[in-house]
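Here the structure is laid out as structure tokens; the discussion comes afterwards.
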């Protein structure tokens with residue numbers, strides 16, 4: 022029963038934090054430590070339930086994905102609108118880095134101490150990006166160039182460090198590369214589906230020995246909790262992340278890291 026309650030709580034935390042640049046993975050690791058929900062099995066669980074929240078993005082942007090799929094079938098890769106090439110360029114860097122360093126990431130970086138450091142490091146990057154004076158060349162996702170998509174993909178590699186935040190890294194990268202915060206946020210959400218699908222598939226394959234019937238039940242509980250909460254939160258948070266300056270999220274990250282360090286570590 023305790024595992025079920027932990028699975029529900031972690032699913033709720035995932036759904037609330039996935040769309041904000043505060044690191045859902047970092048929150049899950051810290052919450053997991055507090056709940057005693059740790060170990061290799063718990064690490065896999067925390068990665069898998071992110072898929073529940075990401076599915077909310079698929080529901081929200083389904084028309085955009087259908088359009089991208091139609092263009093792909095028609096071999097229409099016009100650089101003047103968001104297409105599959107943009108998404109592939111944004112995904113490749115993190116995929117390569119993950120495949121090379123996945124064991125190191127799981128064994129070394131999935132811990133409270135490293136998460137606290139990355140919360141601070143990610144917050145500093147967000148402040149730098151928010152205060153940058155780069156000329157905006159992409160007001161919306163259709164204005165994003167292939168070069169900017171690849172650059173955002175390179176910044177996404179930072180998110181492989183739990184606590185850094187995928188949306189925080191990619192939105193910061195977008196701002197530094199000349200996109201508006203709205204364009205960077207939309208692009209971040211759109212590429213989250215294939216990125217998380219791929220990451221989850223790889224992790225499930227690596228952890229296939231842990232997929233017992235009991236584990237699958239808890240995975241499903243966490244998945245559903247994350248999906249339901251994310252669907253409720255996504256509309257509010259989607260507008261919030263497009264309008265609120267990144268400094269405010271950075272301050273939250275600093276406060277969270279300080280409180281956890283003082284009272285828990």
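Numbering (the working numbering), first residue to last: 22 to 286. We treat Cβ as the ideally placed atom computed from N, Cα and C, and that holds for glycine.
Considering only 213, 155, 60, 207, the residue with the shortest C-alpha distance to residue 177 is 213. Per DSSP, the unbroken alpha helix (DSSP H) holding residue 84 starts and ends at 83-94. Using a Cβ distance threshold of 8 Å, residue 41 and residue 248 do not count as a contacting pair. Relative to the Cα of residue 75, the nearest Cα in the group 35, 85, 100, 106 belongs to 35. Residue burial annotation: residue 55 is exposed, with fewer than 16 other C-beta atoms found within 10 angstroms of its C-beta. Within 10 angstroms of the beta-carbon of residue 67 lie 16 or more other beta-carbons, which makes it buried.
Secondary structure of residue 233 (DSSP, three-state): coil.
Between residue 203 and residue 263, the C-beta gap is smaller than 8 Å, which places the two residues in contact.
Beta bridge pairing from DSSP links residue 159 with 200. Annotated as proximal: residue 44 and residue 189, with beta-carbon spacing under 8 Å.
DSSP places residue 221 within a helical segment (H, G or I) once states are collapsed to three.
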